[in-house]
Amino acid sequence: MEVLRGLPQQVDYFDEGAWYAMVGFVTVYGKEDVRITFKNGMEVPTKNE
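If you read the sequence shown in the working numbering, its first letter stands for residue 901, the second for the next number, and so on.
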């Protein structure tokens, strides 16, 4: 939580500490099906372009 509190309200750069503080794990089911699961249990599919 300290890492997240230290960030500005809007982040426009990648912050490795924030990534590890928020993300629980990434699941790859296939090339077109990758999902990020946050530590709070929320799962978000990625957008493949």
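Backbone N, C-alpha and C define an ideal beta-carbon position, used for all residues, glycine too.
Note that this is a predicted model, so its numbers are computed, not measured.
I936 is the residue among E902, F914, D915 and I936 whose C-alpha sits nearest the C-alpha of G924. Annotation: E943 to V926 spans about 9 Å, alpha carbon to alpha carbon.
DSSP places V928 in the uninterrupted beta strand (DSSP E) bounded by V923 to G930. Of the residues Q910, Y920 and G906, the one whose Cα lies closest to the Cα of N940 is Y920.
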